[in-house]
Amino acid sequence: KMPAIPFGALDAYLHKTGPTRVIPFDLSDSIQTPYPATSPNLLANYIRINPFEDVTTKPNASSQTFYVIRGSGYTDSEYGRINWSEGDVFVLPVDTEAKHVATADTAMYWVHDQPLLDYLGAKAVEKRFEPTLYTKEALFEEIRKVQAIPGIKKRNRCGVLLGNTATPLTKTVTHTQWCLMNIIMPEDNQKPHRHNSVALDMVIHADEGVYTLIGKKVDSEGNIINPIKQPWRSGEVFITPPGLWHSHHNESDSPALILPMQDAALHTYMRTLDIQFC
């Protein structure tokens, strides 16, 4: 029997203390892969870098996405230097050896598609997109534009989907990965939806009282039946398994931000995403 994608979270405490290191969210035992993986196609990681230290990454991956949880610094690779700071997102292409240098206490969220390549027994050799930086300032400027759209409160999501000029058909951050910066305002709810991609959800900011409900079925009024409740904790990643209904809720007094990364670009290309809304 094919093992299900499990629920789970990777404690944010892990990237707040200790030596400079990569901390994989490895669920290979649960999903029965002979290589590190969080989902069949993706591996999520924290990268902790102490001030004025560095770490080098070089996965056999066709695409990599980084989100800067905190800190500042730069990344050097064959493509040049990317300067980054808290709240920035950047992507690197095929099989890139990258040296990440911190100028302050730093944590990053790093997702790549090496599990997909490992499953195929393939090596990434062709660059499919250029290294791209999405600054925090640019992302929040786009969010403000979205919030100004008439009737936006009635929509299922309020956020910015990161795109790339190299992916005109899928309109995704890379050819295999999908990334959305989603905001939920205080005392607001985002109604249930479902999709066939696995969501690896990084909580950028949430006060107590923000959570996701996840379940197999919805009732006639669009409420999830017997849901599992997943609290949002700032700086922590959790999994939303594929095919399950999920809704987001903010019962706090402050806006909440989340950055899901998914293999939805692959599903979009294959026409198998099957996203549905209540």
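Numbering follows my numbering, with no gaps: position 196 of the sequence shown is 202.
Note that beta-carbon positions come from the ideal geometry of N, C-alpha and C, so glycine has one too.
It should be emphasised that the depicted structure is a prediction, and the values quoted were computed from it without experimental measurement.
Check whether the region 71 to 83 and the region 24 to 38 touch, using three or more Cβ-Cβ pairs below 8 Å as the test.
In the pairwise beta carbon analysis, the region 71 to 83 is classified as not touching the region 24 to 38: fewer than three pairs are separated by under 8 Å.
Kindly list the residues whose CB is nearer than 8 Å to the CB of L279, restricted to its own chain and excluding five residues on each side of it in sequence; keep chain order.
H201, N202, S203, A270 and H273
Between S253 and P192, which are expected to be in contact by the criterion C-beta below 8 Å, what is the C-beta distance as a whole number of angstroms?
The pair is not a contact, with the Cβ atoms about 16 Å apart (cut-off 8 Å).
In the DSSP output, which residue or residues are listed as bridge partners for V117?
A50 and T71
Does the structure place the region 136 to 145 close enough to the region 116 to 124 that three or more beta carbon pairs sit under 8 Å?
no
If we ignore side chains and look at the alpha-carbon of each, how far apart do I149 and T171 end up?
20 Å
Y275 lies in the alpha helix (DSSP H); which residues open and close that run?
A270 to M276
Below 8 Å, how does it come out for the region 82 to 102 and the region 236 to 250: are there three or more Cβ pairs, yes or no?
Using a C-beta cut-off of 8 Å, the region 82 to 102 makes no contact with the region 236 to 250, since fewer than three inter-stretch Cβ pairs fall below that distance.
CA-CA distance, V61 and R54?
If I take the Cα positions, the gap works out to 9 Å.
Please report the straight-line C-alpha distance between W102 and L186, rounded to a whole angstrom.
Checking the sequence shown, residue 102 turns out to be Thr, not Trp. T102 and L186: Cα-Cα distance of roughly 23 Å.
Helix or strand or just coil, what does DSSP make of H21?
Per DSSP, reduced to three states, the secondary structure at H21 is helical.
Counting along the chain, where does the beta strand (DSSP E) carrying V61 start and finish?
D60 to T63
Could you check if S69 is buried or exposed, using at least 16 other CB atoms within 10 Å of its CB as the buried criterion?
Taking a 10 Å sphere around the C-beta of S69, we find 16 or more other C-beta atoms and assign the residue as buried.
In whole angstroms, what is the alpha-carbon distance linking P42 and T71?
17 Å
Could you pull the start and end residues of the beta strand (DSSP E) that V152 belongs to?
Element bounds for V152: not the beta strand (DSSP E) but the alpha helix (DSSP H), K142 to Q153.
State the beta-bridge partners of R239 as determined by DSSP.
Paired residue(s): none; R239 is not in a bridge.
Going by alpha carbons, who is nearest to H21 out of Y217, D111 and L48?
D111
For the alpha helix (DSSP H) containing D259, name the first residue and the last one.
Premise fails: D259 is in no alpha helix (DSSP H) and is neither H nor E.
Please give the ranges of any alpha helix (DSSP H) in the region 77 to 137, keeping only runs that are unbroken, at least 4 residues long and fully inside the region.
Runs found: 120 to 126.
I231 lies in the beta strand (DSSP E); which residues open and close that run?
Taken as a continuous stretch (DSSP letters only), I231 belongs to no beta strand (DSSP E), as it is neither H nor E.
How big is the Cα-Cα spacing for E257 and Y85?
Using only the alpha carbons, I get a separation of about 44 Å.
S203 by DSSP, collapsed to three states: which one?
coil
Could you spell out where the beta strand (DSSP E) holding I190 opens and where it closes?
W184 to I190
Measuring straight from C-alpha to C-alpha, what distance separates D17 and Q236?
13 Å
In the DSSP output, which residue or residues are listed as bridge partners for T218?
Its beta-bridge partners are Q236 and H254.
With H, G and I counted as helix, E and B as strand and the rest as coil, what does DSSP make of I11?
In the three-state reduction of the DSSP assignment, I11 falls in the coil class, being assigned neither a helical nor a strand state.
At the level of alpha carbons, what is the spacing between A80 and K105?
It is worth fixing the name first, because residue 80 is Tyr in this sequence and not Ala. Those two C-alpha atoms are separated by around 8 Å.
In this structure, what does DSSP give as the bridge partners for P266?
D207
Please confirm whether N195 and H255 have their CB atoms less than 9 Å apart.
yes
Consult DSSP for I281 and reduce its assignment to one of helix, strand or coil.
coil
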